Amino acid sequence: MSENRKMAFICSKGNLDMAYPALIMGWAALGVGVDVTIFFTFWGLDLIRKSRVDKLGLPPVGNASMRTGMMGFPFDVGIPQLVGVLPGMTAFATALMKSKMEKLEVPSVREMLEMLHDAGAKMYACKMTVDMAGLKKEDFLDVVDDIVTATEFIEMTEGAQIVFI
Amino acid sequence: MPVRQFGALQLEVDSEGYLVNPKDWTPEVAEAFAKEEGIELTDRHWEVINFVRKYYEERGQSPTIRQITVGAGIPTKELFKLFPGGPAKKVARIAGVPKPAGCI
Numbered sequence: 001m002s003e004n005r006k007m008a009f010i011c012s013k014g015n016l017d018m019a020y021p022a023l024i025m026g027w028a029a030l031g032v033g034v035d036v037t038i039f040f041t042f043w044g045l046d047l048i049r050k051s052r053v054d055k056l057g058l059p060p061v062g063n064a065s066m067r068t069g070m071m072g073f074p075f076d077v078g079i080p081q082l083v084g085v086l087p088g089m090t091a092f093a094t095a096l097m098k099s100k101m102e103k104l105e106v107p108s109v110r111e112m113l114e115m116l117h118d119a120g121a122k123m124y125a126c127k128m129t130v131d132m133a134g135l136k137k138e139d140f141l142d143v144v145d146d147i148v149t150a151t152e153f154i155e156m157t158e159g160a161q162i163v164f165i
Numbered sequence: 166m167p168v169r170q171f172g173a174l175q176l177e178v179d180s181e182g183y184l185v186n187p188k189d190w191t192p193e194v195a196e197a198f199a200k201e202e203g204i205e206l207t208d209r210h211w212e213v214i215n216f217v218r219k220y221y222e223e224r225g226q227s228p229t230i231r232q233i234t235v236g237a238g239i240p241t242k243e244l245f246k247l248f249p250g251g252p253a254k255k256v257a258r259i260a261g262v263p264k265p266a267g268c269i
């Protein structure tokens, strides 16, 4: 086969809103025959940890973009920071986002990772972050291929378009 | 619009090779398109193609990959094996329906 287009996504964020960009773009890339590698680092490790993947959240605090207009309400109002810190607000914003994703039939992060794996994506955890957090391979979902260093990631993504999320 | 010859048929295709009129599709068209993609159609391929056409006819839009895996009960792994190089666009083209509009 002639040289395939290659893409690599670096997932460095762990909030629910930032979990999806790489997963959706990676899926779209696989669908048109692009080779996809995903590297989970820092907060991105939460996406591939058995204990965290189903618990990703979306805090409204510090997020000036989170306005009601973006969440499908007919009016566009921001959430004051002092309201955003109240107990329950993160759970509320998280539940709201999840319900929007469900309406669009977007699968959970856990399911998307399985789909990506089945479609041929290679997925790796960042060794430095793993060491920092004191984690082991067993802490990660089965779809994770290995724990690799930054150097190994650079070497394995030669020629790839690298997208940092 | 370019026109392609399929035996006695003259079919309009767009710049990406998709059939302009899904109604022009016949199984022979599928075989021809599949051959261009280097794919030999088996019964399992036909299950997918028939599902896709039925979906398009019922809903007026082409199914996305996940809509195919969930709706036709075909595992993701298998679908990607059946249509190497990515099923997203190939399945639609071979089935004579437009490119799917969704992302999943």
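One line per chain: the protein sequences are C and Z, in this order.
So in the working numbering, the last one in the first sequence is 165, and the numbering has no gaps at all.
So in the working numbering, the last one in the second sequence is 269, and the numbering has no gaps at all.
Ideal Cβ placement from N, Cα and C applies to all residues, glycine included.
Source: prediction; values computed, not measured.
Problem - Any C-beta of chain Z under 9 angstroms from that of LEU104 (chain C) - result: What you label residue 104 (chain C) is simply residue 104 of the first sequence in a count that begins at 1. True, the Cβ-Cβ gap to chain Z drops below 9 angstroms.
Handout entry: Cβ separation of VAL109 (chain C) and ALA19 (chain C), assumed to be a contact under 8 angstroms, to the nearest whole Å
Key = The count along the first sequence starts at 1 and reaches residue 109 (chain C) at position 109. The count along the first sequence starts at 1 and reaches residue 19 (chain C) at position 19. About 5 angstroms; that satisfies the 8 angstroms criterion.
Handout entry: Neighbourhood of GLN175 (chain Z) by C-beta distance below 7 angstroms, restricted to the same chain and skipping five residues each side
Key = For the purposes of this step, residue 175 (chain Z) is taken as the residue at position 10 of the second sequence. Around GLN175 (chain Z): VAL168.
Problem - DSSP state of ARG224 (chain Z) mapped onto helix, strand, coil - result: Taking the second sequence and counting its residues from 1, one reaches residue 224 (chain Z) at position 59. Looking at ARG224 (chain Z) - three-state DSSP - the assignment turns out to be helix.
Practice task
Under 6 angstroms Cβ to Cβ from MET156 (chain C), same chain only, skipping five residues before and after it: list those, please.
Solution key: The residue you call residue 156 (chain C) lines up with position 156 of the first sequence. For MET156 (chain C), where only same-chain residues beyond five positions count, there are no Cβ hits under 6 angstroms.
Exercise for the section: Find the residues of chain Z that neighbour VAL32 (chain C), judging by a C-beta separation of less than 7 angstroms, and give them in chain order. Expected result: As a working mapping, residue 32 (chain C) is identified with position 32 in the first sequence. In chain order: GLY251, ALA253, LYS254.
Practice task
Give the single residue among C:GLY69, C:ASN63, C:ASP46 whose Cα lies nearest to the Cα of PRO80 (chain C).
Solution key: If you number the first sequence from 1, residue 80 (chain C) lands on position 80. Cα-wise, what sits closest to PRO80 (chain C) is C:ASN63.
Handout entry: Interface flag, ASP145 (chain C) vs chain Z, CB-CB below 9 angstroms
Key = Indexing the first sequence from 1 puts residue 145 (chain C) at position 145. It does not: the Cβ of ASP145 (chain C) has no partner Cβ on chain Z nearer than 9 angstroms.
Practice task
Taking ILE239 (chain Z) as the query, report the chain C residues whose CB atoms sit under 9 angstroms from its CB, ordered along the chain.
Solution key: Reading the second sequence from its first residue, position 74 is the one you call residue 239 (chain Z). Residues of chain C passing the Cβ test: none, with the nearest at roughly 11 angstroms.
Exercise for the section: Name the two residues that bound the continuous beta strand (DSSP E) containing LEU176 (chain Z). Expected result: Along the second sequence, one-based indexing puts residue 176 (chain Z) at 11. Note, LEU176 (chain Z): beta strand (DSSP E), 174-177.
Handout entry: Cα-Cα separation between ALA257 (chain Z) and GLU181 (chain Z), rounded to whole angstroms
Key = As a first step, residue 257 (chain Z) is located in the second sequence; it is residue number 92 there, counting from the start. As a first step, residue 181 (chain Z) is located in the second sequence; it is residue number 16 there, counting from the start. Approximately 12 angstroms, taken between the alpha carbons.
Exercise for the section: Run the CB neighbour count on TRP27 (chain C), radius 10 Å, all protein chains shown included, and call it buried at 16 or more, exposed below. Expected result: In the first sequence, the residue the question calls residue 27 (chain C) occupies position 27. Buried, by the Cβ-count rule.
Problem - N- and C-terminal bounds of the alpha helix (DSSP H) containing ARG231 (chain Z) - result: One-based indexing of the second sequence puts residue 231 (chain Z) at position 66. 230-237 is the extent of the alpha helix (DSSP H) around ARG231 (chain Z).
Handout entry: Proximity below 9 angstroms, CB of ILE162 (chain C) to CB of ILE10 (chain C)
Key = Against the first sequence, residue 162 (chain C) aligns to sequence position 162. Against the first sequence, residue 10 (chain C) aligns to sequence position 10. Going by C-beta atoms, ILE162 (chain C) is nearer than 9 angstroms to ILE10 (chain C).
Problem - Contacts of ARG231 (chain Z) in chain C (Cβ-Cβ under 8 angstroms) - result: As a working note, residue 231 (chain Z) is residue 66 in the second sequence. Simply GLU105, PRO107, MET115.
Handout entry: Per DSSP, the bridge partner or partners of LYS122 (chain C)
Key = Looking up residue 122 (chain C) in the first sequence gives position 122. Note: LYS122 (chain C) sits in a beta bridge opposite C:THR37.
Practice task
Indicate the three-state DSSP secondary structure (helix, strand or coil) for VAL148 (chain C) in the structure shown.
Solution key: As a first step, residue 148 (chain C) is located in the first sequence; it is residue number 148 there, counting from the start. Strand at VAL148 (chain C).
Handout entry: Test item: CB-CB of MET89 (chain C) and VAL61 (chain C) under 9 angstroms
Key = Residue numbering aside, residue 89 (chain C) sits at position 89 when the first sequence is read from its first letter. Residue numbering aside, residue 61 (chain C) sits at position 61 when the first sequence is read from its first letter. Taking 9 angstroms as the Cβ cut-off, MET89 (chain C) and VAL61 (chain C) qualify as a contacting pair.
Practice task
Return the Cβ separation of PHE171 (chain Z) and VAL194 (chain Z) in integer angstroms, given the expectation that the two are a contact with Cβ distance under 8 angstroms.
Solution key: Here residue 171 (chain Z) is taken as the residue at index 6 of the second sequence, counted from 1. Here residue 194 (chain Z) is taken as the residue at index 29 of the second sequence, counted from 1. So it is a contact: roughly 6 angstroms between Cβ atoms.
Problem - Backbone CA spacing between ASN4 (chain C) and PHE248 (chain Z) [nearest angstrom] - result: Position 4 of the first sequence, counted from the start, is the residue given in the question as residue 4 (chain C). Position 83 of the second sequence, counted from the start, is the residue given in the question as residue 248 (chain Z). Computed Cα separation, rounded: 15 angstroms.
Practice task
Find the residues of chain Z that neighbour ILE24 (chain C), judging by a C-beta separation of less than 8 angstroms, and give them in chain order.
Solution key: The residue you call residue 24 (chain C) lines up with position 24 of the first sequence. Those are CYS268, ILE269, listed as they occur along chain Z.
Exercise for the section: Spell out whether any CB of chain Z is found under 9 angstroms from the CB atom of GLY120 (chain C). Expected result: Position 120 of the first sequence holds residue 120 (chain C). GLY120 (chain C) counts as touching chain Z.
Problem - contact_flag[the region 204-220 of chain Z, the region 68-85 of chain C] where n(CB pairs < 8 angstroms) is 3 or more - result: no
Handout entry: Bounding residues of the beta strand (DSSP E) (the contiguous stretch that carries MET7 (chain C))
Key = Reading the first sequence from its first residue, position 7 is the one you call residue 7 (chain C). First-last of the beta strand (DSSP E) with MET7 (chain C): 6-11.
Exercise for the section: Evaluate PHE39 (chain C) with the Cβ neighbour count: other Cβ atoms within 10 Å of its Cβ, from every protein chain shown; 16 or more gives buried, anything less gives exposed. Expected result: Taking the first sequence and counting its residues from 1, the one referred to as residue 39 (chain C) is at position 39. So PHE39 (chain C) counts as buried.
Handout entry: Within chain Z, partners of ALA28 (chain C) - CB distance below 8 angstroms
Key = As a working note, residue 28 (chain C) is residue 28 in the first sequence. Chain Z residues near ALA28 (chain C): ALA253, CYS268.
Problem - Own chain, CB closer than 6 angstroms to ALA119 (chain C), minus 5 neighbours either side, in chain order - result: Counting from 1 along the first sequence, the entry for residue 119 (chain C) is found at position 119. Around ALA119 (chain C): LEU30.
Practice task
Specify, as a first and last residue, the run of the alpha helix (DSSP H) that ARG49 (chain C) falls within.
Solution key: Here the question's residue 49 (chain C) lines up with position 49 in the first sequence. Where ARG49 (chain C) is concerned, there is no enclosing alpha helix (DSSP H), given that its DSSP letter is neither H nor E.
Exercise for the section: Could you check how far apart the C-beta atoms of LEU184 (chain Z) and GLY250 (chain Z) are, in whole angstroms? I think they sit under 8 angstroms. Expected result: To locate residue 184 (chain Z), count along the second sequence from 1; it is residue 19. To locate residue 250 (chain Z), count along the second sequence from 1; it is residue 85. Rounded, the Cβ-Cβ distance is 19 angstroms, inconsistent with contact.
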